[in-house]
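Q:
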Amino acid sequence: MTDKPLTRNITIGEPTDLSAYEASGGYQAIRSTIGKLSAADVLDMVKDSNLRGRGGAGFPTGMKWSFVPMDKTPDGPKGHKYLVCNADEMEPGAFKDRLILEHDPHQLIEGMILSAYTIDADIGYIFIRGEYHTAAKRLRDAIMEAKLKGYLGENILGTGYSFELYLHSSAGRYICGEETALLNSLEGKRAIPRAKPPFPQVSGLWGRPTIVNNVETLCNITHIVAFGADWFKSLGLGDDSGTKLFGVSGRVKNPGCWELPMGTPIREILEDHAGGMQDGYELKGFLPGGASTDFLLPEHLDLAMDYDTIMKAGSRMGTGTMIILDDKTCPVAMVRNLEMFFARESCGFCTPCREGLPWIYNILDDIENGRGRPEDIEILERQGAFIGAIGNTHCAHAPGAIEPLSSALKFFAEEFNQHIEEQRCPYSHASGPKSGRTH
Amino acid sequence: MNLAEENMISALSEQEITEIEEEISHLPNRQSAAIDALKIVQGYRGWISDESLIAIAKILQMSTEELDGIATFYNLIFRYPVGEKVVLFCDSVSCWLMDGDKVCAAIKRKLKIDYGETTSDGKYTLLPVTCLGDCDHAPAMMIGEELHHDLDAANVAQLFDEPGEKAS
Ligand SMILES: Cc1cc2nc3c(=O)[nH]c(=O)nc-3n(C[C@H](O)[C@H](O)[C@H](O)COP(=O)(O)O)c2cc1C
Ligand code: SF4
Ligand code: FES
Numbered sequence: 037m038t039d040k041p042l043t044r045n046i047t048i049g050e051p052t053d054l055s056a057y058e059a060s061g062g063y064q065a066i067r068s069t070i071g072k073l074s075a076a077d078v079l080d081m082v083k084d085s086n087l088r089g090r091g092g093a094g095f096p097t098g099m100k101w102s103f104v105p106m107d108k109t110p111d112g113p114k115g116h117k118y119l120v121c122n123a124d125e126m127e128p129g130a131f132k133d134r135l136i137l138e139h140d141p142h143q144l145i146e147g148m149i150l151s152a153y154t155i156d157a158d159i160g161y162i163f164i165r166g167e168y169h170t171a172a173k174r175l176r177d178a179i180m181e182a183k184l185k186g187y188l189g190e191n192i193l194g195t196g197y198s199f200e201l202y203l204h205s206s207a208g209r210y211i212c213g214e215e216t217a218l219l220n221s222l223e224g225k226r227a228i229p230r231a232k233p234p235f236p237q238v239s240g241l242w243g244r245p246t247i248v249n250n251v252e253t254l255c256n257i258t259h260i261v262a263f264g265a266d267w268f269k270s271l272g273l274g275d276d277s278g279t280k281l282f283g284v285s286g287r288v289k290n291p292g293c294w295e296l297p298m299g300t301p302i303r304e305i306l307e308d309h310a311g312g313m314q315d316g317y318e319l320k321g322f323l324p325g326g327a328s329t330d331f332l333l334p335e336h337l338d339l340a341m342d343y344d345t346i347m348k349a350g351s352r353m354g355t356g357t358m359i360i361l362d363d364k365t366c367p368v369a370m371v372r373n374l375e376m377f378f379a380r381e382s383c384g385f386c387t388p389c390r391e392g393l394p395w396i397y398n399i400l401d402d403i404e405n406g407r408g409r410p411e412d413i414e415i416l417e418r419q420g421a422f423i424g425a426i427g428n429t430h431c432a433h434a435p436g437a438i439e440p441l442s443s444a445l446k447f448f449a450e451e452f453n454q455h456i457e458e459q460r461c462p463y464s465h466a467s468g469p470k471s472g473r474t475h
Numbered sequence: 004m005n006l007a008e009e010n011m012i013s014a015l016s017e018q019e020i021t022e023i024e025e026e027i028s029h030l031p032n033r034q035s036a037a038i039d040a041l042k043i044v045q046g047y048r049g050w051i052s053d054e055s056l057i058a059i060a061k062i063l064q065m066s067t068e069e070l071d072g073i074a075t076f077y078n079l080i081f082r083y084p085v086g087e088k089v090v091l092f093c094d095s096v097s098c099w100l101m102d103g104d105k106v107c108a109a110i111k112r113k114l115k116i117d118y119g120e121t122t123s124d125g126k127y128t129l130l131p132v133t134c135l136g137d138c139d140h141a142p143a144m145m146i147g148e149e150l151h152h153d154l155d156a157a158n159v160a161q162l163f164d165e166p167g168e169k170a171s
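So the protein lines, in turn, are chains A and B. Using the working numbering, read the first sequence as starting at 37 and increasing by one per residue. Using the working numbering, read the second sequence as starting at 4 and increasing by one per residue.
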């Protein structure tokens with residue numbers, strides 16, 4: 037047993053190939069499970085483990101799976117059930133799934149076979165973002181290797197269970213990561229989110245029962261099956277079980293991604309693993325889990341990184357990859373960069389998001405460039421409250437965009453006001469080029 | 004199929020048609036292969052011309068308009084000609100925090116183009132892209148299929164061929 041199940045095979049450089057993966061106990065969980073335990077037994081293990089989705093929302097995985105209808109489905113294409121791996125990883129500041137995809141592809145494949153078995157899916161897709169060329173190549177090779185060894189395809193290891201796995205390389209757009217938009221994209225359509233209900237578990241890909249899970253979530257399944265739910269729970273320091281891939285980027289000494297117990301204090305991640313702030317920089321604030329999470333402050337450093345603790349502090353653990361705002365960087369400019377991203381990546385389906393986010397971006401750009409008006413703050417707050425309210429938009433993209441904005445307005449109000457009063461950005465990099473947009 | 008329609012499909016190579024049919028073979032309907040088909044053809048030709056679009060739509064048995072609606076939605080499908088290599092520069096937050104703007108400005112100076120433009124020798128097209136999942140090595144970008152990171156405004160220009168030089 038190990039206390040770092042997700043990264044035990046990962047050494048930077050070459051990927052773990054099939055023989056190395058098998059040598060470390062890989063594909064044993066399939067042998068001990070498929071045809072030996074029932075799907076219901078495995079589902080109980082996943083439920084007992086308390087595993088929560090690692091894609092950002094933290095939804096309990098066992099509960100999600102339990103909505104998949106398990107009555108005997110008709111044979112043939114009408115009877116398909118699907119398991120989809122969300123490997124779209126495009127959240128700004130998130131760089132965790134690529135680590136596994138590139139270095140231990142068999143870990144994901146084994147996790148997918150076991151997950152598919154549990155929901156009785158016969159077809160799987162790995163939906164990977166188009167820019168991950170290295171990961172896609174390694175996954176393609178690994179799928180081929182697994183097929184030749186009889187781990188994938190018809191009648192896996194003679195058990196009578198069959199599961200086909202395909203890789204789909206995407207053509208861009210952040211919204212593809214939203215699970216129902218992802219399904220539309222897999223169907224060859226524009227990636228516009230779907231209305232829920234019906235939920236994908238009942239009516240997903242081509243109208244059939246479908247489960248979508250994040251890379252890291254699916255990888256955990258193998259270890260839960262191999263070592264048990266109690267072991268998995270014991271890995272977490274607090275209420276949440278397992279380990280988590282945590283990351284830090286920004287002006288720290290040693291930016292990176294590490295597998296640590298769920299519930300590791302933020303200070304430990306930032307100081308022991310990321311090495312603290314670079315010389316000459318101080319911590320001003322941070323986004324705990326990617327671009328679409330609320331800012332937290334240095335006063336929050338002693339909080340545990342788990343779903344409920346970060347939620348209580350007013351933010352979200354999201355992807356677990358933190359983005360650091362230092363004292364030499366203008367918070368208004370940082371939020372402007374974030375809103376540029378959200379405005380550009382809006383799928384355009386609903387008005388508050390499509391029209392509201394560019395409006396917010398333009399106001400932030402005005403404030404940053406010394407053209408801010410006193411009433412702008414109120415407009416930003418009002419827009420934020422409207423767009424950020426769940427239910428006013430068709431999907432969670434727009435509310436996600438508001439999280440860093442509304443928290444910045446609250447925590448960095450002084451800076452916003454100073455920009456408007458002095459009609460300039462007080463930070464030294466203010467004269468630099470504008471972020472991103474063509475100009 | 005009449006002669007005119009066959010001619011339109013023949014705008015695609017045998018190889019492209021085989022690869023598209025292979026994708027279709029494991030999907031419940033032909034239209035579901037739309038994005039795969041666009042990527043296959045773009046892989047050979049660099050971009051999707053009107054002629055390619057019409058031919059792909061015919062193979063998938065869908066309207067050209069609908070396929071164009073899909074093609075133009077996705078930022079990695081190009082409906083205009085692009086350079087030999089597309090440079091995808093990450094303009095997301097972690098790269099921005101690490102002076103990505105300055106690095107990008109240095110690239111624009113070296114290539115003498117802005118976002119959305121192609122160098123006059125047809126070698127590079129520069130586009131912004133969302134976080135490349137390499138934030139611990141920010142700033143990051145892709146030149147073609149290759150990821151480059153820990154970029155520095157002072158020497159980023161060396162990663163590009165001189166104008167007119169043969170692509171390395
Ligand atoms: C705009 C948007 C983008 C998303 N992008 C991703 C992504 O890139 N990867 C991911 O795993 N989940 C992403 N999600 C979350 C998915 O919708 C979904 O909740 C997740 O894949 C479920 O997997 P999990 O239960 O294993 O966490 C995104 C959600 C939204 C609203
Ligand atoms: S909130 Fe934005 S991304 Fe989501 S459906 Fe509406 S327009 Fe599209
Ligand atoms: S923000 Fe540039 S690679 Fe993540």
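The C-beta atom is built at its ideal place from N, Cα and C for all residues, glycine as well.
Report yes or no: is there a C-beta of chain A within less than 8 Å of the C-beta of Thr21(B)?
A: In the second sequence, residue 21(B) corresponds to position 18, counting from 1. No, because no Cβ of chain A sits closer than 8 Å to the Cβ of Thr21(B).
Q: Give the DSSP-derived three-state secondary structure of Ser285(A) in the structure shown.
A: Within the first sequence, numbered from 1, the residue matching residue 285(A) stands at position 249. Looking at Ser285(A) - three-state DSSP - the assignment turns out to be strand.
Q: Please classify Phe331(A) as buried or exposed, where buried requires at least 16 neighbouring CB atoms within 10 angstroms.
A: Stepping through the first sequence from its first residue, residue 331(A) is reached at position 295. It counts as buried.
Q: Please tell me whether Asn250(A) and Arg44(A) are closer than 8 Å, where the distance is taken between their beta carbons.
A: Numbered from 1 along the first sequence, position 214 holds the residue referred to as residue 250(A). Numbered from 1 along the first sequence, position 8 holds the residue referred to as residue 44(A). No, Cβ-Cβ distance for Asn250(A) and Arg44(A) is not below 8 Å.
Q: Return the bridge partner residues of Pro131(B) from the DSSP annotation.
A: Against the second sequence, residue 131(B) aligns to sequence position 128. Its beta-bridge partners are Phe92(B).
Q: When you compare the CB positions of Gly49(B) and Pro84(B), do they come within less than 8 Å of one another, or not?
A: Locating residue 49(B) in the second sequence gives position 46, counting from the first residue. Locating residue 84(B) in the second sequence gives position 81, counting from the first residue. For Gly49(B) and Pro84(B), yes; Cβs fall inside 8 Å.
Q: Any chance you could list the beta strand (DSSP E) runs of at least 3 consecutive residues sitting entirely within the stretch 342-410 of chain A, in chain order?
A: Correct list: 357-362.
Q: Give every residue of the same chain whose Cβ lies closer than 7 Å to the Cβ of Ile396(A), excluding the five residues on either side of it in the sequence, and list them in chain order.
A: Residue numbering aside, residue 396(A) sits at position 360 when the first sequence is read from its first letter. Excluding positions up to five away in sequence, the list reads Glu375, Leu416, Gln419 and Leu441.
Q: Determine, using beta carbons only, whether Met145(B) comes closer than 8 Å to chain A.
A: Residue mapping note: residue 145(B) aligns to position 142 of the second sequence, counting from 1. It does: the Cβ of Met145(B) has a partner Cβ on chain A nearer than 8 Å.
Q: Cutting at 7 Å between CB atoms, please list the residues of its own chain near Arg176(A), excluding the five before and the five after it.
A: Sequence index remark: in the first sequence, residue 176(A) carries index 140 (1-based). Excluding residues within five positions, the ones whose Cβ falls inside 7 Å are Leu203.
Q: Closer than 6 Å is what we want: which residues have a beta carbon that near any heavy atom of ligand 2? List them in chain order.
A: Checking every Cβ against the heavy atoms of ligand 2 under 6 Å gives Ile211(A), Pro229(A), Ser382(A), Cys383(A), Gly384(A), Phe385(A), Cys386(A), Cys389(A), Arg390(A), Thr429(A), His430(A), Cys431(A), His433(A) and Ala434(A).
Q: Excluding five sequence neighbours on each side, which residues of the same chain lie with their C-beta closer than 7 Å to the C-beta of Gly299(A)?
A: Here the question's residue 299(A) lines up with position 263 in the first sequence. Taken in chain order, the residues that qualify are Gly272, Leu273, Gly274, Asp276, Ala340, Met341 and Asp342.
Q: Check whether the stretch 284-294 of chain A and the stretch 353-365 of chain A touch, using three or more Cβ-Cβ pairs below 8 Å as the test.
A: As far as the Cβ criterion goes, the stretch 284-294 of chain A touches the stretch 353-365 of chain A, which means the pair count is three or higher.
Q: Take Phe422(A) as the anchor and find which of Gly129(A), Asp77(A) and Pro435(A) has the nearest alpha-carbon.
A: If you number the first sequence from 1, residue 422(A) lands on position 386. Selected option, being the one with the closest Cα: Pro435(A).
Q: Which chain A residues are close to Ser172(B), counting only those with a beta carbon under 8 Å from its beta carbon?
A: As displayed, chain B neither begins before 4 nor continues past 171, which places residue 172(B) out of reach and without an answer.
Q: Establish whether the CB of Ile51(B) and some CB of chain A are separated by less than 8 Å.
A: Translated into positions along the second sequence, residue 51(B) becomes position 48. Chain A contact via Cβ: absent.
Q: To be precise: take each residue of the stretch 226-241 of chain A, compare its Cβ to all Cβ atoms of chain B, and keep it if any distance is under 8 Å. Which residues remain?
A: Answer in chain order: Arg226 and Ala227.
Q: Pick from Met37(A), Ile48(A) and Pro41(A): whose alpha carbon is nearest that of Gly292(A)?
A: The sequence position of residue 292(A) within the first sequence is 256, counting from 1. Ranking the options by Cα distance to Gly292(A), first place goes to Ile48(A).
Q: Apply the 10 Å Cβ neighbour rule to Arg244(A) and answer buried if 16 or more other Cβ atoms are within range, or exposed otherwise.
A: Within the first sequence, numbered from 1, the residue matching residue 244(A) stands at position 208. The residue is buried, with at least 16 neighbouring Cβ atoms inside 10 Å.
Q: Could you check whether the Cβ of Gly321(A) sits closer than 8 Å to any Cβ belonging to chain B?
A: Residue mapping note: residue 321(A) aligns to position 285 of the first sequence, counting from 1. No - not a single Cβ of chain B is within 8 Å of the one on Gly321(A).
Q: Just by C-beta distance, which residues in the stretch 275-306 of chain A are closer than 8 Å to chain B?
A: Listed by position along the chain: Gly283, Val284, Ser285, Gly286, Arg287, Pro291, Gly292 and Cys293.
Q: Along chain B, which residues have their Cβ under 7 Å away from the Cβ of Gly208(A)?
A: For the purposes of this step, residue 208(A) is taken as residue 172 along the first sequence, with counting starting at 1. What Gly208(A) touches in chain B: Tyr77, Asn78 and Leu79.
Q: Closer than 7 Å by C-beta to Ile438(A): which residues in its own chain qualify, once you throw out the five before and the five after it? Chain order, please.
A: Mapped onto the first sequence, residue 438(A) falls at position 402. Gly420, Ile423 and Gly424, listed in sequence order.
Q: Can you determine whether any heavy atom of ligand 1 sits closer than 7 Å to the C-beta of Phe95(A), and answer yes or no?
A: The sequence position of residue 95(A) within the first sequence is 59, counting from 1. Yes, since a heavy atom of ligand 1 falls inside the 7 Å radius drawn around the Cβ of Phe95(A).
Q: Find out if the Cβ-Cβ distance for the pair Pro41(A), His259(A) is shorter than 8 Å.
A: Residue numbering aside, residue 41(A) sits at position 5 when the first sequence is read from its first letter. Residue numbering aside, residue 259(A) sits at position 223 when the first sequence is read from its first letter. A contact, by the Cβ cut-off of 8 Å.
Q: Leaving out the 5 sequence neighbours to the left and right, which residues in its chain are closer than 7 Å to Trp294(A) when beta-carbon positions are compared?
A: Mapped onto the first sequence, residue 294(A) falls at position 258. Taken in chain order, the residues that qualify are Phe282 and His309.
Q: Starting from the Cα of Ile155(A), find the closest Cα among Ser102(A), Ile179(A) and His169(A) and give me that residue.
A: For the purposes of this step, residue 155(A) is taken as residue 119 along the first sequence, with counting starting at 1. Closest by alpha carbon: Ser102(A).
Q: Do you know how far the Cα of Ala217(A) is from the Cα of Arg230(A)?
A: As a working note, residue 230(A) is residue 194 in the first sequence. As a working note, residue 217(A) is residue 181 in the first sequence. Straight-line Cα distance between these residues: approximately 6 Å.
Q: Need the endpoints of the beta strand (DSSP E) that Ile415(A) sits in, please.
A: Position 379 of the first sequence, counting from 1, holds the residue named residue 415(A). That residue, Ile415(A), is in no beta strand (DSSP E); its alpha helix (DSSP H) goes Asp412 to Gly424.
Q: Can you name the start and end residues of the alpha helix (DSSP H) that Val248(A) belongs to?
A: For this step, residue 248(A) is matched to residue 212 along the first sequence. Not the alpha helix (DSSP H): Val248(A) falls in the beta strand (DSSP E), residues Thr246 to Asn250.
Q: Going by DSSP, name the residue or residues bridged to Val120(A).
A: Here residue 120(A) is taken as the residue at index 84 of the first sequence, counted from 1. Answer is Tyr161(A) and Val248(A).
Q: Please name the residue, chosen from Phe322(A), Gly326(A), Leu222(A) and Leu150(A), that lies closest to Gly98(A) on a Cα-to-Cα basis.
A: On the first sequence, residue 98(A) is found 62 positions in, with the first residue counted as 1. Nearest option by C-alpha distance: Leu150(A).
Q: Look at Ala327(A) and Glu127(A) and say whether their C-beta atoms are less than 8 Å apart.
A: Position 291 of the first sequence, counting from 1, holds the residue named residue 327(A). Position 91 of the first sequence, counting from 1, holds the residue named residue 127(A). Cβ atoms of Ala327(A) and Glu127(A): closer than 8 Å.
Q: Are the C-beta atoms of Glu359(A) and some chain B residue less than 8 Å apart?
A: Working through the first sequence from its first residue, we reach residue 359(A) at position 323. Correcting the residue identity first, residue 359(A) is Ile in this sequence and not Glu. Interface residue, yes.
Q: For Tyr161(A), go through chain B and note every residue whose CB falls closer than 7 Å to its CB, in chain order.
A: The residue labelled residue 161(A) in the question sits at position 125 within the first sequence. In chain order: nothing, as chain B lies at least about 10 Å away.
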